[in-house]
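Participant: Going by my numbering, the sequence shown opens with residue 659, and the numbers climb by one from there.
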Amino acid sequence: MTGKKVHILAIESSCDETSAAVIRDGKVLSNLIATQKVHERYGGVVPELASRAHMQNIVPVVDVALKEADVNKHDIHAVAFTQAPGLIGSLLVGACFAKAYAQALDVPLIAVHHMQAHVLAHFIDEPRPKFPFLCLTVSGGHTQVVLCRDYLDMEVLGETVDDAAGEAFDKVAKMLELPYPGGPMVDKLAQDGDPLRFKFPVSDMDGYDFSFSGIKTAVLYFLQAEKKKDADFVTNNMKDICASVQYTIIKMLMNKLRKAAAELDIKHIGIAGGVSANSGLRKTLQEEGEKCGWNVYIPAFQYCTDNAAMIGITGYYKYLKGEFTDLGVSPTARASWT
Ligand code: KG4
Ligand code: ZN
């Protein structure tokens, strides 16, 4: 293997982004993401439409990823793909494509867990975290505190018992009649709002677990009551509502991260997943890091939300350990990974 360059082709199709990336020796050469616009008019991802869009997108996205990387398909050494979790139809498209491609090229297939890949997105660019590393992974479907002992040695210390943090952002955005996807819109509006104007409950679960269903219900009842008094309440207070909700969600996330960092005495701390693109969370983590003497790690924006580069980097570490997958492997909508 000395002197030989390892190229991994990676496919991500767990939700509504069709993505392909080419990785050379752990470096991203290309990372193409086709965002499916078809869901906008429905205010959320429609699973059947997502599967169909993946089928249309996957071949051109892979072609462009190879071209941009300037890598011939015959120079690919392994194909990595998202095996779980996600929408089953969407996962199936990526899995079938990856299996067929690997078989046609006669190279190994590598199954990747999407949440592990979100954590390993930290190892795409410098500065890379040192182990042990604590990662708060916050996405549309998951909220987890993950202890990383090594690249492929991780433990989920706590997670949400109901909604994910991204789901809370998206559902509140829907109540406020903001366009889909809601999280980035709430973030944008919150930047000019007063985070302390409205108070929402901060849940405190056992250990390192989270709960976000309470804030969702609290915001719903709050808006119903205020709208009875003033029909234009939402329009007139939009920025303050967004800032107050975002402040509360960030507070719940940071409480558990701080607790885990203190109890485990870990100083290398990061955030990952779609919600780690949130400007308020990024700023709060930086500030907390300065206060607590942490080394803080925040992925570049393009590696926070779903992307194939993170699948590729995970695939690369699995390739180095010879962790290959049988062609008979099936994707699964829900699966634990530690
Ligand atoms: O990781 P991701 O792209 O997909 C999943 O694996 O779920 O995360 C998507 C989630 C959505 O809930 C989206 O609203 C949220 O990440 N999100 C944000 C921001 N950007 C994406 N939430 C708050 N602020 C943002 N800037
Ligand atoms: Zn994700």
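Think of the CB as a built atom: it goes at the ideal place given N, C-alpha and C, for glycine as much as any other residue.
1) Listed by chain order, which residues have C-beta atoms less than 6 Å from any heavy atom of ligand 2?
2) Quick one, which of Ala679, Glu981, Leu911 has its alpha-carbon nearest aspartate 862's?
3) Taking the alpha carbon of lysine 663 as the reference point, which residue from Asp733, Arg710, Leu847, Leu707 has its own alpha carbon closest?
4) Using the Cβ count rule (16 or more neighbours within 10 Å means buried), how would you classify asparagine 689?
5) Can you list, in chain order, the residues of its chain whose CB lies under 6 Å from that of valine 719, leaving out five sequence neighbours each side?
6) Check whether the stretch 760-770 and the stretch 782-800 touch, using three or more Cβ-Cβ pairs below 8 Å as the test.
7) Flag this pair as yes or no: are the beta carbons of glycine 931 and valine 770 separated by less than 8 Å?
8) If you draw a straight line from the alpha carbon of valine 987 to that of alanine 736, how long is it in whole angstroms?
9) Using a threshold of 7 Å, is the CB atom of valine 804 nearer than that to any non-hydrogen atom of ligand 1?
10) Excluding the 5 residues flanking threonine 983 on each side, which residues of the same chain have their C-beta closer than 7 Å to its C-beta?
11) Are the CB atoms of threonine 801 and alanine 822 nearer to each other than 8 Å?
12) Alpha carbon to alpha carbon, how far is proline 989 from threonine 972?
13) Quick one: grab the DSSP three-state call for cysteine 962.
14) Quick one: what's got a C-beta closer than 7 Å to leucine 794's C-beta in the same chain, skipping five residues either side?
15) Can you give me the C-alpha to C-alpha distance between alanine 756 and valine 680, rounded to a whole angstrom?
16) Run the proximity test for phenylalanine 827: is its beta-carbon closer than 7 Å to any non-hydrogen atom belonging to ligand 1?
17) Tell me which same chain residues have a C-beta within less than 7 Å of the C-beta of methionine 843, skipping the five on either side of it?
18) Along the chain, where does the beta strand (DSSP E) containing phenylalanine 791 start, and where does it finish?
Facilitator: In this structure, then:
1) Selection around ligand 2 by beta-carbon proximity, strictly under 6 Å to any non-hydrogen atom, yields His772, His776, Ser797, Gly931, Gly932, Asp964 in chain order.
2) When each option's Cα is compared against that of aspartate 862, the closest is Leu911.
3) In this structure, Asp733 is the residue among Asp733, Arg710, Leu847, Leu707 with its C-alpha nearest to the C-alpha of lysine 663.
4) The residue in question, asparagine 689, is buried, as its Cβ has 16 or more Cβ neighbours within 10 Å.
5) By the criterion of a C-beta distance shorter than 6 Å, valine 719 is surrounded in its chain by Thr676, Ala678, Leu690, Ala692, once the five residues flanking it on both sides are discounted.
6) Verdict: no, contact absent.
7) Contact flag unset, no.
8) Taking C-alpha positions only, valine 987 is separated from alanine 736 by approximately 15 Å.
9) Within the chosen limit of 7 Å, ligand 1 does not reach the beta carbon of valine 804 with any heavy atom.
10) For threonine 983, where only same-chain residues beyond five positions count, the Cβ hits under 7 Å are Leu767, Ile768, Ala769.
11) Yes; because the gap between Cβ atoms is below 8 Å, this pair is in contact.
12) One C-alpha to the other measures close to 17 Å.
13) Of the three classes helix, strand and coil, the one that applies to cysteine 962 here is coil, per DSSP.
14) For leucine 794, where only same-chain residues beyond five positions count, the Cβ hits under 7 Å are Val803, Leu911, Leu915, Ile929.
15) Straight-line Cα distance between these residues: approximately 13 Å.
16) Within the cutoff, so yes.
17) Excluding sequence positions up to five before and after methionine 843, its CB lies within less than 7 Å of the CB of Ala831, Leu836, Pro837, all in the same chain and listed in chain order.
18) Element bounds for phenylalanine 791: 791-796.
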